[in-house]
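**Q** Chains as they are written, first to last, in our numbering: chain Y, -8 to 169; chain E, -8 to 169.
Right, I'll just put the structure down here and ask away after.
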């Protein structure tokens, strides 16, 4: 091997390495945090377009108890529909934020309160989420996938109609009855 | 720079590159598919321990409408509790499987049917999941995080309790009683 060849090879090798994904670079973790903050701010301002702007055009969102939303426009429409009917407020607590190269994810917990604009009691919920993000060619991060679920037990199905009341005696004794 | 130095540097650069994460290597995608298949087989055999063996010891599972499960033992116990009370059957359809170095994820849809062993009607559900996996030092993949949610609309809340049946005295005093 000539010196020139070695040098060329060395430079090639360095170039190849320069493209190796970097994990958890502080600027990437900060970017994911800014997107999370942007989501909370947009959601609490009932700004569906600002939420949509955080997603890639072909993002896939999987909100609990709803059909899968494919594409930014569907995500905006879903959130707009929510905001049309509800005054909603969300809090998010991140538990894990990681990046590897151009891919990253954020995992954590949410607390949500929704009050129907037409009146009626507020509904509270809390649960977990995983949001996946990608860094585009321009260096900016966007959400590509998201999923969340409630950690609250499912409401019991509506009970069968009660048997005709007949002064049912209360069970005595142990009182374990359940 | 001497030739020796260049050579040393070149080798160092190659070594550094050798550790650059490889994306979607066929053997990694196949390994994730085998874990998915293993999960379906274990679940449909009601084998909680076999499910647990697919997870890392410190995995975090977030089943819908349940508390977060931290650690393999908690995941086994949760599944065992399910299998104790239900005859359950799951089908999984993957939509996206990616790996990047030692990290990977699988995203898709599930269909679930659960029949109470104590009798009563079967309950069906379908939804989406994201499972995250890591490749350990020994080269084998394990699940580290998972979350799923239903795409079926929430059941309507139970109607308010009927007015107290005649004869049953209403608790007095507190009023708000809870």
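Where a beta carbon is used, it is the ideal one built from N, C-alpha and C, also for glycine.
(1) Can you name the residues of chain E whose CB is closer than 8 Å to the CB of residue 91/Y?
(2) Let's see if you can read the secondary structure: which residues bound the alpha helix (DSSP H) around residue 31/Y?
(3) Considering residue 139/Y, what are the terminal residues of the beta strand (DSSP E) in which it resides?
(4) Can you tell me whether residue 45/E is helix, strand or coil according to DSSP?
(5) Quick one: what does DSSP say residue 65/E is sitting in, helix, strand or coil?
(6) I need the straight-line Cα distance from residue 145/Y to residue 131/Y, nearest angstrom please.
(7) Report, in whole angstroms, the separation of the C-beta atoms of residue 59/Y and residue 66/Y, which I expect to be a contact under 8 Å.
(8) Counting along the chain, where does the beta strand (DSSP E) carrying residue 110/Y start and finish?
(9) Which same chain residues, not among the five before or five after residue 127/Y, have their C-beta less than 7 Å away from its C-beta?
(10) Give, in chain order, every residue of the region 129 to 150 of chain Y whose Cβ lies closer than 8 Å to some Cβ of chain E.
(11) Quick check: what's the CA-CA separation for residue 105/Y versus residue 19/E?
(12) Report the three-state DSSP secondary structure of residue 163/Y (helix, strand or coil).
(13) Tell me, please, whether the region 31 to 41 of chain E touches the region 66 to 84 of chain E by the rule of three or more beta-carbon pairs shorter than 8 Å.
(14) For a cutoff of 8 Å on Cβ pairs, would you count residue 121/Y as touching chain E?
(15) Express the C-alpha separation of residue 32/E and residue 8/Y in angstroms, rounding to a whole number.
(16) Residues of chain E with a CB under 8 Å from the CB of residue 22/Y: which are they?
(17) Within this structure, are the beta carbons of residue 143/E and residue 56/Y separated by less than 8 Å?
(18) Give the DSSP-derived three-state secondary structure of residue 128/E in the structure shown.
(19) Listed in chain order, which residues of the region 33 to 58 of chain Y have Cβ atoms closer than 7 Å to some Cβ of chain E?
(20) Quick one: using the 10 Å Cβ neighbour count with 16 as the cut-off for buried, is residue 110/E buried or exposed?
(21) Who are the near neighbours of residue 182/Y in its chain, counting only those whose CB is closer than 6 Å to its CB and skipping five residues on each side?
(22) Is residue 80/Y close to chain E, meaning its C-beta is less than 8 Å from at least one C-beta of that chain?
(23) Does any residue of chain E have a CB that is nearer than 8 Å to the CB of residue 98/Y?
**A** In this structure, then:
(1) Around residue 91/Y, the beta-carbon contacts reaching into chain E at under 8 Å are 12, 91, 92, 94.
(2) Boundaries of the alpha helix (DSSP H) harbouring residue 31/Y: 17 to 35, taken from the DSSP string.
(3) Counting along the chain, the unbroken beta strand (DSSP E) around residue 139/Y starts and ends at 132 to 141.
(4) In the displayed model, residue 45/E falls within coil according to three-state DSSP, outside both helix and strand.
(5) In this structure, DSSP gives residue 65/E a helical state, which the three-state scheme calls helix.
(6) About 38 Å.
(7) In this structure residue 59/Y does not touch residue 66/Y by the C-beta definition: roughly 11 Å separates them, more than the 8 Å allowed.
(8) Counting along the chain, residue 110/Y falls outside any beta strand (DSSP E), and DSSP gives it neither H nor E.
(9) So the qualifying residues of the chain are 133.
(10) Taking 8 Å as the Cβ-Cβ cut-off against chain E, the residues of the region 129 to 150 of chain Y that qualify are 136, 138, 139, 140, 141, 142, 143, 144, 145, 146, 147, 148, 149, 150.
(11) Computed Cα separation, rounded: 42 Å.
(12) Low per-residue confidence applies at residue 163/Y: pLDDT is 41, beneath 50, and the placement is therefore not dependable, though the value from the model is reported in the following sentence. Residue 163/Y: coil per DSSP, three-state reduction.
(13) Yes, the region 31 to 41 of chain E is in contact with the region 66 to 84 of chain E.
(14) So, interface residue.
(15) Legend: pLDDT at residue 8/Y = 49, less than 50; position of this residue unreliable, no value from coordinates given.
(16) Scanning chain E for C-beta atoms nearer than 8 Å to the C-beta of residue 22/Y yields nothing, as the closest lies near 18 Å away.
(17) A contact, by the Cβ cut-off of 8 Å.
(18) In the structure shown, residue 128/E sits in coil (DSSP, three-state: anything other than H, G, I, E or B).
(19) Against chain E - using a Cβ distance shorter than 7 Å - the residues of the region 33 to 58 of chain Y are 53, 55, 56, 57, 58.
(20) The residue in question, residue 110/E, is exposed, as its Cβ has fewer than 16 Cβ neighbours within 10 Å.
(21) Beyond the ends of chain Y as shown, which are -8 and 169, falls residue 182/Y; an answer cannot be given.
(22) Cβ-Cβ to chain E under 8 Å: no for residue 80/Y.
(23) Yes, residue 98/Y lies at the interface with chain E (some Cβ there is under 8 Å from its Cβ).
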